[in-house]
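Going letter by letter, the sequence shown gives residues 4 to 102 in my numbering. Note sheet for the following structure.
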Amino acid sequence: MAMATVVRLITGLLVLALLPPPPAGKAPWQRSPVKVFDAAVRVLLNATGDHAAAAANSTRRFDMGEEAFDASNPTIYGLTLCTPDMSPAECRSCLGDIT
4 MAMATVVRLI TGLLVLALLP PPPAGKAPWQ RSPVKVFDAA VRVLLNATGD
54 HAAAAANSTR RFDMGEEAFD ASNPTIYGLT LCTPDMSPAE CRSCLGDIT
């Protein structure tokens, strides 16, 4: 299954451009451990992936969601979309390859 059939968008990192300057010598992405961020993204993408794949109507195989992160970047937003020609099983399988 080609990965081009699935679209995912994570926008949580775009918030970094709107934050006040970080403390001297500390970049914004160093404020929270990468593993914690990855875990939050994984929860978000698995939840939106499950919901998108479960849609009865193939034109509605998408889901949007948000996941809490930390005080500096409180919310991570996500969008999961499968193409209408995919079966629910193909959709979830393809999404599972990403997470």
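All C-beta atoms, glycine included, are put in the ideal place defined by N, C-alpha and C. Computed from a prediction, not measured in an experiment: that's the story for all the values here.
Verify whether the separation of the beta carbon atoms of I79 and A43 is less than 9 Å. Taking 9 Å as the Cβ cut-off, I79 and A43 qualify as a contacting pair.
Other residues of its chain near G68: CB distance less than 7 Å, five sequence neighbours each side excluded: Hits under 7 Å: L47, A50, T51, G81.
List the endpoints of the continuous beta strand (DSSP E) containing F40. No beta strand (DSSP E) holds F40; the alpha helix (DSSP H) holding it covers 37-57.
Looking at R64 and A55, is the spacing between their C-beta atoms short of 9 Å? Less than 9 Å separates the beta-carbon of A55 from that of R64.
For R95 versus D53, is the C-beta distance shorter than 9 Å? Annotated as proximal: R95 and D53, with beta-carbon spacing under 9 Å.
Grab me the residues of T83's own chain with a C-beta within less than 7 Å of its C-beta, minus the 5 sequence neighbours each way, in chain order. So the list reads R11, L48, T51, G52, A55, F65, D66, L98, once near-sequence residues are dropped.
Near P77, what residues of its chain come up, given a Cβ to Cβ distance below 7 Å and the 5 sequence neighbours on each side ignored? The beta carbon of P77 is closer than 7 Å to those of A71 in its chain, skipping five residues each way along the sequence.
Three-state secondary structure (DSSP) of A92: Look at A92 here: in three-state DSSP terms it is helix.
Identified DSSP bridge partners for F65: As computed with DSSP, F65 is found in a beta bridge with L84.
Please report how far the alpha carbon of P91 lies from the alpha carbon of S75, in whole angstroms. About 36 Å.
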